[in-house]
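Undergrad: Provided herewith is a single structure, encoded as structure tokens, for subsequent inquiry.
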Amino acid sequence: MKSRFITFEGIDGAGKSSQIAAAVALIESRGIAVVQTREPGGTPLGEKLRELLLHEPMHLETEALLMFAARREHLAALIEPALAAGKWVVSDRFTDATYAYQVGGRGLDEARFAALEQWVHPHLQPDLTLIFDLDPAVAARRLAGTGQAPDRFEREQTDFFERVRGAYLRRAAADPLRVRVIDASQTPDEIKKAVEEIVSRSCFK
Ligand code: TYD
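Last residue of the sequence shown? That's 602 in the numbering used here, and every number before it is there in order.
Put into structure tokens, the structure is as follows:
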């Protein structure tokens, strides 16, 4: 079976993290070697950049460029070697997050990102992307309930997350074969079932 690159996306608080573990377990249950990773992060340098991106005040374009710098490192050091070795890669976020947060949320010019994407991963796209879609007001209540101090993104207001959500849904509409939307207002069991069905149907063949 061909190696697969699967990404999980959604606004902060949409609940994707717990579902990623279940998807990885499902893939492993088929005897497939799978690497679980995240963006920004996934490599020692990438995790240092993540720390800065989540907590250090910076210019919006610095933020955008650091996201792609971390991604370049992630691809070179982890994603590309794993796929070349026949492993599957499951990443908590990838380039769709940049279009959603930096273009949708921050309002930066989309054309610039097409050039960066072409530079950093001209020949690679996820085989499957699952977007966890949730009303930002509900997501904000979930985040508040965790009791954890919010990072730079989590501190944004509902209108920011409305724009991020809209950008994600436009990505899904533009590429419906790759990008699937999951209603994240369902119960955890219902969401797990939906994730398993989509991964099984699109990847196990
Ligand atoms: P996230 O992966 O949701 O981590 P956690 O669930 O541990 O908080 O957080 C990463 C943040 O980075 C998230 O708010 C979205 C943001 N982000 C971007 O703005 N652009 C990107 O390209 C990526 C990958 C993430």
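Just so you know, even glycine gets a beta-carbon here, dropped at the ideal spot from N, CA and C. Bear in mind the structure is a predicted one, so any value in this text is a computation, not a measurement.
Can you give the Cα-Cα distance for D489 and F465, rounded to whole angstroms?
TA: Rounded to whole angstroms, D489 to F465 spans 15 Å at the Cα level.
Undergrad: Does DSSP classify L472 as helix, strand or coil?
TA: Looking at L472 - three-state DSSP - the assignment turns out to be helix.
Undergrad: Please return the same chain residues whose Cβ sits closer than 7 Å to the Cβ of P437, not counting the five positions on each side in sequence.
TA: The residues are G443, L446, R447, L450, M464, A467.
Undergrad: Would the beta-carbon of E436 be found less than 7 Å away from any heavy atom of the ligand COA?
TA: No copy of the ligand COA appears in this structure; the ligands present are the ligand TYD.
Undergrad: May I ask whether a heavy atom of the ligand TYD can be found less than 7 Å away from the beta carbon of Q433?
TA: Incorrect: Q433 has no Cβ contact closer than 7 Å to the ligand TYD.
Undergrad: Strictly by DSSP, which residues pair up with Q433?
TA: Paired residue(s): V487.
Undergrad: Please classify H518: is it buried, with 16 or more other beta-carbons within 10 angstroms of its beta-carbon, or exposed?
TA: Answer is buried; the Cβ neighbour count reaches 16.
Undergrad: Compute the beta-carbon to beta-carbon distance between D524 and I403, rounded to the nearest angstrom, for a pair I have assumed lies under 8 Å.
TA: So it is a contact: roughly 6 Å between Cβ atoms.
Undergrad: Is the separation between the beta-carbon of A419 and that of V592 shorter than 8 Å?
TA: A contact, by the Cβ cut-off of 8 Å.
Undergrad: Work out the CA separation of M398 and T555 for me, nearest whole Å.
TA: Answer to the nearest angstrom: the Cα atoms are 42 Å apart.
Undergrad: Note the first and the last residue of the continuous alpha helix (DSSP H) segment covering R567.
TA: From DSSP, the alpha helix (DSSP H) with R567 extends over 555-571.
Undergrad: Leaving out the 5 sequence neighbours to the left and right, which residues in its chain are closer than 6 Å to S599 when beta-carbon positions are compared?
TA: So the qualifying residues of the chain are L525.
Undergrad: Short of 6 Å in beta carbon distance, which residues of its chain neighbour I476, apart from the five on each side in sequence? Order them along the chain.
TA: Cβ neighbours of I476 beyond the five flanking positions: V486.
Undergrad: What residue range does the beta strand (DSSP E) around V500 cover?
TA: Where V500 is concerned, there is no enclosing beta strand (DSSP E), given that its DSSP letter is neither H nor E.
Undergrad: Along the chain, where does the beta strand (DSSP E) containing G542 start, and where does it finish?
TA: Segment 533-542 is the alpha helix (DSSP H) holding G542; no beta strand (DSSP E) there.
Undergrad: Rounded to whole angstroms, how far is the Cβ of E551 from the Cβ of D409, which I believe are closer than 8 Å?
TA: With 8 Å as the limit, E551 and D409 qualify as a contact, their Cβ atoms being about 5 Å apart.
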